[in-house]
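Below: one structure, written as structure tokens.
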Amino acid sequence: MISNIEITLKQDLRDAEGQSLVKKAHAYFGIKMDDARCINIVTLESDLGQDELETIRREIFTNPVIQESSLGPLDIDFHFCIWVGFRPGVRDNAGATAVEAVRDLLKKDFLPGENIYTSKRYCLTGAELTREDAEKIARQILSNGIIQQYKVFGKDQWDKKTGADVKPAKVILNHTPGFDFMDIDSDEILARISHERSLSLNPRDIPVIRGYFLDKKVLAERAQMGLSKPTDVELEYISQSRSDHCCHNTFNGIFRYTDTETGQTTTEDSLFKTYIKAPTLALKETKNWVVSVLWDNAGVGAFDDENNYVITGETHNSPSNMEAYGGAITGIVGVYRDPMGTGLGSKLFMGSFGFCVGDINYNGPLKPPLHPRRLLDGVIEGVKDGGNKSGVPTTFGQTLFDPGYMGKSLVFVTALGIMPKTVNGKPSHEKTTSPGELIIMSGGRVGKDGIHGVTASSKSYSENTPAGHVQIGDPYTQKKMHDFLLICRDEGLITFITDNGGGGLSSSVGESAMLSNGCEVWLDKVPLKYEGMDMWEIWISESQERMTIAIKPENLDRFMALSDLHEVESTVIGKYTDSGKLHIKYKDKTCAYVDMDLLDKGFPAWEFEAVWTPPASRGLTEPVISTPTDFNSLLEQMLARPNICSKEWIIRQYDHEVQGGSVIKPLVGINRNIPTDASVTRPVLTSESGLAFSQSILPWYSKIDAYHMMACTIDEAVRRLIAVGGSLDHIGGVDNFCWPDIGYDAVSNPDGKFKAAQLVRACRALKDACMAYEIPLLSGKDSMYVDGHLEGAFGERIKVSALETVQFSAVSLVPDVSRCVTLEPKTAGDYLYVLGSTGDELGASEYYEMFGKTGLNVPRVDFSKLKTLYKALEKAIDKELVASCHAVGRGGLGIHLSLAAMAGGLGLDIDLAGLPLTDNLPLSSEKALFSESAGRFIVTVGPDKKQTFEKLCKGLPCACLGRVTDSHDRLNISADGNPVADLPVATLDSAFNKTFGDRI
Amino acid sequence: MSGASAVKALILTGFGLNCDSETAFAFEKAGAGAHRVHINSLIRGDVRLADFQILAFGGGFSWGDDHGAGVIQALKLKNNIGKDLLDFVDDGKLVIGICNGFQALVNLGLLPGLDQDYTRRSVAITYNDCGNFRDQWVRLVPDADSPCVFTKGLGVSDYPVRHGEGKVVADPDVLASLIANRQVVFRYADANGVPAKGAFPANPNGALDDIAGICDPTGRIFGLMPHPEGYNHFGNHPDWPRQKACAKRQGKSLEQTITTGIRLFENGVNYIQRSVSIG
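Chains as they are written, first to last, in the working numbering: chain P, 80 to 1079; chain X, 31 to 309.
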């Protein structure tokens, strides 16, 4: 029987969700409504009797103080009513917890086919509302056709008895599971199959695959298992394993790099080996704090004598572009499984985000899958639910806007965990699988979710991209699993653990079985969300919240008892062997039998042509702009620009201090509204040590040269750490590359060779910076197809590519958090210094961008010079000579002096006359204020420390430019005594906060 | 966590709760033996509630908060160990609910406990008026005449709030009783320590009468939205770098401070040490 319970807030109470809808409809579409009320609908398919339904309505679903509810439609007036529910098969988290609650209250199990589903309806009132308005609200605010369905009811269509007439969103497949044999008679046939099945096989891989399956010895072995041609399970396995997402074919490819100016051509064998692996391994030799790198789900560094920390970063771009909330929550919950699956498992203690989206006020003809405004709303909310409900603080984050991200927006998520150095006397960062151990899958169940997600993210977005790979993460289920697995770890029950992310079991079991050299998997044992899935679907499904764990048979009972206590589903789905074979069965019938080393069978490296033309040869020049006369208005306008202004509304939606270890929060200063350089967290509450964490994303410099983009990005991340009290002695890095397609094609990707050259150059800078600053890369990922083909006004599709982007995350150990420094000047009378030289480096700066210009003089990083400066500053902070410290970033000194003034809530008297200049070349005031030269800090020092500080900085580019004052509350900047800018801190504050201020 | 101390505090874990580690740490720092116990261990009888003197319902997202914050947690406990909870209260022991725990306490009816009825739901905690989840530090002013055991001697206190559903609402008569009985323990206040009168963001959620926390008439059951365990170390306070600079000028050190967060837990531990026969 199907029953619906409707619940709403009592009519005299404010409906915050409804109010927010009224506001959004008006702000986004100019639609005027008087009111909107939300009604939650719980749909039960069960044999529960009327009394039981009444009990659960009253006890579970209705708060008597604030809610009213009914077993039929509530009689609430409207002009239009919009019902929104999930499509069948989409994860319904509230439905799942409702089942738990009903089961516990009634002590009654749900039978197969019985379930609970949730949906909502919105009663909109407003005399001016039209059906078109309601449809627009339904389609463009309340639902996304990929995961949801909606119905709009006018007053006249509403039947008070049946209401929205909600039916269960139930998956019925009516399909008998099976597997198929695939034809490989010719390369063409296999290529066709690859296309039809969305396998995304690289044409160059096809002969290798055929060669393997046509090999006589292979055929003979397979015949014994009843197999001949490859099965769909096997081809899907190969497709997953060979995808760019899993295999990093681009970074392991061969690049022929030609510099058109010198005419020289060099060959790069593997960017990964040359620019990531080699420097990291070299640094590991000299840094004894580096514990484990380059092989596990995340890198491991030493925190103290008892604990190690774990760090990794991911992107979740493609899914977020189509379903922003689902993509982002799946992304953050997904990256949180990496530390859980690193070593024997770590406890998460912080996360961070990076959002890169198009112009949220875009009103041109292009039609991205989601408007940037809506996309940003969705990703913010996804990371909010994913992070907050995981109980992990989101301590840092950045949001960037650029038109290129309308083609594909970027969602970066980073995760850090902490684990004891040893578990049961054994190092916690080591793990392996051995023959005889059981393969266990814990956490969520398997459905059709995310099938071909890996291969889809290895392609540009187009009208043919399958939408079915979008999922909704379930932080609740994962949090239960997290708690459970840490207990298993501490009891020594786990011998190997890894997460199920891209590629699902295919990747997690496939890769873990490499260690024991074989496995036998029983796919019919895998718990499913619904019946009727084919073997290949079970094998590669990316259903979330699952870990794959190896345990010894003698530990099974204890493991299962703990799993039961924590109400986490765990199932033995196979065993590890040393047969040399990946052997998959379904009800005793073999459906895959391939060599474990199949993937080493000489698959060819990908090849790229990379052609570099230096910026001047590309025609870039400096713009011709004379010195402005109104610096006050200029500063105000710069502060209000989307890439500079306050994003407090985003940051406050994230719990940034759960777990109780917060030391420097994402927002600092007297009004707690200025973004910090880096966050500092104590992951171990009994310790006074902390980890400083920063991120930088500076994609604009790629317009000129991605080498300098990369160099500046890393320099800024490092400087941010130094500014709060981090140390060059211990900095770990995480590189997240997001690059447009680099595969040249005369028609579809004519600038592919240039983008390939940009990638090579960025990698060269990565190595140069990491070697200079001694940063081992603890982790890193690449996402290679950040392009979109957007529909335009006339039915054409236009390719929009993102800027070549790298998010660099950096972590540093702070032995004593009480030495940490924040960026706000603290005391009137303190002296203000600028450290580091300023040069004529406004190429791709925020200042030039304001005038629509790019320029040529991109900031350059002189690593060895800067390192000397950073060491000195590090010492000054350690000796507590510095009262405040701030790394100068995007927007230059003008912006960052303003931020310091706002943060301190005190006046600043500054004269630019003494500013340290690169090569002593004089600069006009606007260049001094808005140059984005790397390597600079703003520091304040108390009068009693002045002498010591200056002595320490002797011979370095460091000059006192003025003082902090309480005799006025203005930012007063002059040059050689001539006034440049003079405006109240309150004016700066209002400019900085107004752009997004109404979003709270 | 060790249980060396005589006072034993039980901190609930599991099902999406997430502040259990720092709550346990705060209790330990306050002198208690803190024990993190899975809700199912209590229900199955592996651990006996009667062996403890303080019960802490901590923060988090129990059951994802999918059907109202703290609702399913309250229902599950009432349904399975409801009598144990009432016995615990009858024995004169202490209960504290923080954030999600506060939400669970009002849904259990342990708060506000008017007319000695510890099962009636008469206070609700609902969505913030601002429409968003919000993390910020708030200033709280205690009612010095409240019977609440945990806030004895505490002055104006700063703690973080981190919630999407923190607006305390009740019918006017319930509200009047709470105020009359001095059960409104903490109110959101402005920078000067004066009640915020609903002004955002000093009152971050629009709670009626700026209510941040309430106790039962005995003062032994206490629920609050802000997180005292989130202020377990001087470095948690957003102003600590300026406080440090200020302390330094006065020749003092910030590192030795016992935070108001820890002092709140100490009040609970000291109460047990003074008044309950332990063992």
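Backbone N, C-alpha and C define an ideal beta-carbon position, used for all residues, glycine too.
Just so you know, these numbers come straight off a predicted model, no measurement behind them.
Quiz item: Taking the alpha-carbon positions, what's the alanine 134(X) to proline 554(P) distance?
Solution: Roughly 20 Å between the two C-alpha positions.
Quiz item: So is leucine 1062(P) buried or exposed if we call it buried at 16+ other beta carbons inside 10 Å?
Solution: With 16 or more other Cβ atoms within 10 Å, it is buried.
Quiz item: DSSP on threonine 87(P), reduced to helix/strand/coil?
Solution: For threonine 87(P), the secondary structure class from DSSP, reduced to helix, strand or coil, is strand.
Quiz prompt | Identity of the residue in Gly342(P), Lys426(P) and Asp438(P) nearest methionine 560(P) by Cα | solution = Lys426(P) is the residue among Gly342(P), Lys426(P) and Asp438(P) whose C-alpha sits nearest the C-alpha of methionine 560(P).
Self-check item: leucine 892(P), enclosing beta strand (DSSP E) - first and last residue
Solution: Here the beta strand (DSSP E) through leucine 892(P) covers 884-893.
Practice problem: Please say whether isoleucine 519(P) and isoleucine 663(P) have beta carbons closer to each other than 8 Å? | Solution: Not a contact, by the Cβ cut-off of 8 Å.
Quiz prompt | Inter-stretch contact (C-beta, 8 Å, three-pair minimum) for the stretch 873-892 of chain P and the stretch 507-527 of chain P | solution = Pairwise C-beta distances place the stretch 873-892 of chain P out of contact with the stretch 507-527 of chain P, as fewer than three of them are shorter than 8 Å.
Quiz item: What does lysine 103(P) touch in chain X if you count any residue whose Cβ is under 7 Å from its own?
Solution: Neighbourhood of lysine 103(P) in chain X, by CB distance below 7 Å: empty, with the nearest CB roughly 10 Å away.
Quiz item: With a Cβ-Cβ cutoff of 8 Å, do leucine 1050(P) and leucine 991(P) count as a contact?
Solution: At least 8 Å separates the beta-carbon of leucine 1050(P) from that of leucine 991(P).
Practice problem: Report back the beta-carbon spacing between glycine 405(P) and glycine 483(P) to the nearest angstrom; my notes put them in contact at under 8 Å. | Solution: About 23 Å; that fails the 8 Å criterion.
Quiz item: Can you pull the DSSP bridge partners for lysine 668(P)?
Solution: Answer is Tyr665(P), bridged to lysine 668(P).
Quiz item: Roughly how many angstroms separate the alpha carbons of aspartate 464(P) and valine 759(P), rounded to a whole number?
Solution: Aspartate 464(P) and valine 759(P): Cα-Cα distance of roughly 23 Å.
Quiz item: Shortest alpha-carbon distance to glutamine 83(X) belongs to which of Ile41(X), Cys245(X) and Ala277(X)?
Solution: Minimum Cα distance to glutamine 83(X) is reached at Ile41(X).
Quiz item: Could one say the Cβ of proline 142(X) lies closer than 8 Å to chain P's Cβ atoms, at least one of them?
Solution: No - not a single Cβ of chain P is within 8 Å of the one on proline 142(X).
Practice problem: Put proline 225(X) into one of helix, strand or coil per three-state DSSP. | Solution: In the structure shown, proline 225(X) sits in a strand (DSSP, three-state: E or B).
Exercise. Could you run through the stretch 139-160 of chain P and flag, in chain order, every residue whose CB is less than 7 Å away from some CB of chain X?
Key: Only Ile139, Phe140, Asn142, Pro143, Val144 and Ile145 from the stretch 139-160 of chain P bring a Cβ to less than 7 Å from some Cβ of chain X.
Self-check item: Residues near serine 198(P) in its chain [Cβ-Cβ closer than 6 Å; skip 5 each side]
Solution: Non-local beta-carbon contacts of serine 198(P) in its own chain, meaning distances under 6 Å to residues more than five positions away in sequence, involve Ile120, Gly164 and Val245 in chain order.
Quiz item: With distances taken between CB atoms, is the gap from histidine 965(P) to leucine 978(P) smaller than 8 Å?
Solution: Their beta carbons are under 8 Å apart, which means histidine 965(P) touches leucine 978(P) by this criterion.
Exercise. Name, going along the chain, the residues of the stretch 713-741 of chain P whose beta-carbon falls closer than 7 Å to a beta-carbon of chain X.
Key: Correct list: Arg731, Gln732, Tyr733, Asp734, His735, Glu736, Val737, Gln738, Gly739 and Ser741.
Quiz item: Considering only C-alpha positions, which residue in the set Val379(P), Ile288(P) and Pro398(P) is nearest to valine 865(P)?
Solution: Comparing Cα-Cα distances from valine 865(P) to each of Val379(P), Ile288(P) and Pro398(P), the minimum goes to Pro398(P).
Quiz item: Hey, how far is the Cα of isoleucine 226(P) from the Cα of asparagine 142(P)?
Solution: When rounded, the distance between both Cα atoms is 29 Å.
Practice problem: For serine 541(P), count neighbouring Cβ atoms within 10 angstroms of its own Cβ and tell me buried if that reaches 16, exposed if not. | Solution: Confidence in serine 541(P) is poor, its pLDDT being 47 and thus under 50, which makes the residue's placement too unreliable to answer from.
Quiz item: How many Å lie between methionine 498(P) and glutamine 90(P) at the Cα?
Solution: Distance from the CA of methionine 498(P) to the CA of glutamine 90(P), rounded to the nearest whole angstrom, comes to 50 Å.
Exercise. Using a Cβ-Cβ cut-off of 8 Å, state whether phenylalanine 55(X) counts as contacting chain P.
Key: Yes, phenylalanine 55(X) lies at the interface with chain P (some Cβ there is under 8 Å from its Cβ).
Quiz item: Which chain X residues are close to tyrosine 441(P), counting only those with a beta carbon under 7 Å from its beta carbon?
Solution: Listed along chain X is no residue with a C-beta nearer than 7 Å to that of tyrosine 441(P); the closest approach is about 24 Å.
Practice problem: Could you please tell me which residues of the stretch 867-897 of chain P, in chain order, have their CB closer than 9 Å to any CB of chain X? | Solution: Taking 9 Å as the upper bound on Cβ-Cβ separation, chain X lies near residues Val896 and Ser897 of the stretch 867-897 of chain P.
Exercise. Quick one: using the 10 Å Cβ neighbour count with 16 as the cut-off for buried, is phenylalanine 108(P) buried or exposed?
Key: Around the beta-carbon of phenylalanine 108(P), fewer than 16 other beta-carbon atoms lie within 10 Å, marking it exposed.
Quiz item: List, in order along the chain, the chain B residues whose C-beta lies closer than 8 Å to that of arginine 568(P)?
Solution: The displayed structure is made up of protein chains P and X, and chain B is not among them.
Practice problem: Measure the CB-CB distance between leucine 857(P) and glycine 811(P) and report whether it falls below 8 Å. | Solution: In contact: leucine 857(P) and glycine 811(P) (Cβ atoms closer than 8 Å).
Quiz item: For cysteine 117(P), which beta-bridge partners are listed by DSSP?
Solution: Bridge partners of cysteine 117(P): Tyr201(P).
Quiz prompt | Per-residue DSSP class, three states only, for tyrosine 780(P) | solution = Helix at tyrosine 780(P).
Exercise. Identify each residue in the stretch 153-186 of chain X for which the Cβ-Cβ distance to at least one residue of chain P is less than 7 Å, and report them in chain order.
Key: Using a CB distance below 7 Å, the part of the stretch 153-186 of chain X facing chain P consists of Val153, Ala154, Thr156, Tyr157, Asn158, Asp159, Cys160, Gly161, Asn162, Phe163, Arg164, Asp165 and Gln166, ordered along the chain.
Quiz item: What are the boundary residues of the beta strand (DSSP E) that includes glutamate 267(P)?
Solution: Run containing glutamate 267(P): none in the beta strand (DSSP E); it sits in the alpha helix (DSSP H), 266-275.
Exercise. Jot down the residue ranges of each uninterrupted beta strand (DSSP E) in the stretch 211-284 of chain P, minimum 3 residues, whole runs only, in chain order.
Key: The DSSP assignment places complete beta strand (DSSP E) segments of no fewer than 3 residues inside the stretch 211-284 of chain P at 227-233, in order along the chain.
Exercise. List the endpoints of the continuous beta strand (DSSP E) containing cysteine 817(P).
Key: Cysteine 817(P) -> beta strand (DSSP E) spans 810-817.
Quiz item: What runs of the beta strand (DSSP E), each 3 residues or longer, lie entirely inside the stretch 91-140 of chain X?
Solution: Every beta strand (DSSP E) stretch that sits fully inside the stretch 91-140 of chain X and reaches 3 residues is listed by chain position as 124-128.
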